[in-house]
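Number of protein chains: 2
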Amino acid sequence: MANSRFAMATHIMTAVALHGDDDLMNSGELADSLNTNPVVVRRILSDLQKAGLIQTQAGRSGGAWLARKPEAINLHEIFAAVDDGELFAYNPNDPNKTCSLSCEIKSVLEPVFKAASSALAESLMSVRLSQLTEVLSKKCAGKKKK
Amino acid sequence: MANSRFAMATHIMTAVALHGDDDLMNSGELADSLNTNPVVVRRILSDLQKAGLIQTQAGRSGGAWLARKPEAINLHEIFAAVDDGELFAYNPNDPNKTCSLSCEIKSVLEPVFKAASSALAESLMSVRLSQLTEVLSKKCAGKKKK
DNA sequence: TTAAATGTAACTAACATTGTTACTATATGG
DNA sequence: CCATATAGTAACAATGTTAGTTACATTTAA
């Protein structure tokens, strides 16, 4: 692996969650926090929106807000939103039809891959976005947000 | 992700485990079973050897054999042998020092990443190579190995 | 001593990832 | 109503990863 979209998406979600309600956070502000380009942020926002985690508004004073309360969002939802791909890949080549092991290996690996992916998913599901924002509120206490 | 080295390495380990003891399985035979190039196999064998799972012998009638019995090898060992990289990646950019969230996010993500990686590792650790070879022996019963 | 095997370096092709520019569509404040 | 600030998205570049391939040195047994 490994791409950093889950880290970026979680960063975005916590930033939006911690942002005040008086105005919306926009992709430029988020890009500043991530130290990247606004288009990178908007691409991730697009994925989060498709997953029903974020809502956005275009136009002047537009930006992003959470579709749900942070207590009702778990980290696996964020992970799944930006990381569709499977965790494990099978051998991309065709099976060798003269080799019975080659023909059967995929069916043997499949339950192993599924169990491991589920274990990872359950771990991420057990953490709510609100838990991250609570920790961050404490860590950043006293440091005023701009 | 995802690369297919874990799938290939597990394929190799099961093939070597199921191979008769009278001669050694070599990279050409394994490459036939994986439908790939012998060098791809030898690269994976090299990783498995460094991890202490495989032993090899060069020269005429050389090849590979298991360093331990299949009952004493679990799938996480194979995974770790060929997939050093972390499962999750952090945002590669420097933190924005004017943003406290940006500075603290990594420390908040770290325990999440570790817990999820451990959950995945424990799932893979719970499966022994011998379990795969047993299933394969049954599935391939009657189909004679060349 | 010859042939068959491992070990490994160097290279290619295909693909993924991130960042960037440029543009359109949209909505708001004045 | 218009100017401006925003999202949305396509197109492209730079970089890195992956799998495959060729080539060759080294090792070992027949």
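Chains as they are written, first to last, in our numbering: chain A, 72 to 217; chain B, 72 to 217. Glycine included, every Cβ here is placed at the ideal spot set by N, Cα and C.
Endpoints, the alpha helix (DSSP H) within which residue i is located
{"i": "Ile-149 (chain A)", "result": "146-153"}
{"i": "Ser-174 (chain B)", "result": "Per the sequence shown, the amino acid found at residue 174 (chain B) is Cys instead of Ser. Where Cys-174 (chain B) is concerned, the enclosing alpha helix (DSSP H) stretches over 171-196."}
{"i": "His-82 (chain A)", "result": "76-89"}
Beta-carbon separation (whole angstroms), residue i vs residue j, contact threshold 8 Å
{"i": "Arg-139 (chain A)", "j": "Ile-115 (chain A)", "result": "No, Arg-139 (chain A) and Ile-115 (chain A) are not in contact; Cβ-Cβ is about 17 Å, not under 8 Å."}
{"i": "Leu-101 (chain B)", "j": "Ile-83 (chain B)", "result": "6 Å"}
{"i": "Pro-255 (chain A)", "j": "Asn-97 (chain B)", "result": "Because chain A spans 72 through 217 in this model, residue 255 (chain A) falls outside it and cannot be assessed."}
{"i": "Val-87 (chain B)", "j": "Trp-136 (chain B)", "result": "6 Å"}
{"i": "Leu-158 (chain A)", "j": "Ala-186 (chain B)", "result": "The Cβ separation is near 16 Å, so there is no contact."}
{"i": "Leu-191 (chain B)", "j": "Leu-191 (chain A)", "result": "4 Å"}
{"i": "His-147 (chain A)", "j": "Met-196 (chain A)", "result": "4 Å"}
{"i": "Ala-151 (chain B)", "j": "Leu-119 (chain B)", "result": "Actually they are not in contact, since the Cβ atoms of Ala-151 (chain B) and Leu-119 (chain B) sit about 11 Å apart, beyond 8 Å."}
{"i": "Leu-200 (chain B)", "j": "Glu-175 (chain A)", "result": "Not a contact, Cβ separation roughly 15 Å."}
{"i": "Ser-104 (chain A)", "j": "Ser-194 (chain B)", "result": "The Cβ separation is near 34 Å, so there is no contact."}
{"i": "Cys-211 (chain B)", "j": "Ser-171 (chain A)", "result": "4 Å"}
One or two residues paired with residue i in a DSSP bridge
{"i": "Ile-125 (chain A)", "result": "A:Leu-137"}
{"i": "Arg-199 (chain B)", "result": "B:Asn-145"}
{"i": "Met-96 (chain A)", "result": "A:Ala-135"}
Residue i Cβ short of 7 Å to the ligand GDP heavy atom set
{"i": "Pro-166 (chain B)", "result": "No copy of the ligand GDP occurs in the structure displayed, which carries no ligand at all."}
Spatial neighbours of residue i in its chain, beta-carbon cut-off 6 Å, leaving aside the 5 residues before and after
{"i": "Lys-215 (chain B)", "result": "Residue confidence is low: Lys-215 (chain B) scores 47 on pLDDT, short of 50, so the model does not pin down where it sits. No coordinate-derived value is stated."}
{"i": "Thr-204 (chain A)", "result": "Thr-85, Ala-88, Leu-89 and Pro-141"}
{"i": "Thr-81 (chain B)", "result": "Ile-149"}
Close Cβ partners of residue i (< 7 Å) along its chain, the five nearest in sequence each way excluded
{"i": "Gly-123 (chain A)", "result": "Ala-138"}
Own chain residues within Cβ distance below 8 Å of residue i, not counting five before or after
{"i": "Asn-108 (chain B)", "result": "Ala-102"}
{"i": "Gly-133 (chain A)", "result": "Leu-95, Asn-97 and Thr-127"}
{"i": "Arg-113 (chain B)", "result": "Ser-98"}
Worksheet item: If you measure beta-carbon to beta-carbon, which residues of the stretch 120-153 of chain A are closer than 7 Å to chain B?
Response: Leu-146
Worksheet item: Mind listing which residues of the stretch 155-168 of chain A have their C-beta closer than 9 Å to chain B's C-betas, in chain order?
Response: Gly-156, Glu-157, Leu-158, Phe-159, Ala-160, Tyr-161, Asn-162, Pro-163, Asn-164, Asp-165, Pro-166 and Asn-167
Worksheet entry | Short-range partners of chain B found in the stretch 101-116 of chain A, where Cβ spacing is below 7 Å | Asp-103, Ser-104, Leu-105, Asn-106 and Thr-107
Worksheet item: What residues from the stretch 74-100 of chain B come within 7 Å of chain A, judged by C-beta to C-beta, listed N to C?
Response: Asn-74, Ser-75, Phe-77, Ala-78, Met-79, Thr-81, His-82, Thr-85, Ala-86 and Leu-89
Discussion item. Which residues of the stretch 169-180 of chain A have a Cβ closer than 9 Å to any Cβ of chain B? Give them in chain order.
Written reply: Thr-169, Cys-170, Ser-171, Leu-172, Ser-173, Cys-174, Glu-175, Ile-176, Lys-177, Ser-178, Val-179 and Leu-180
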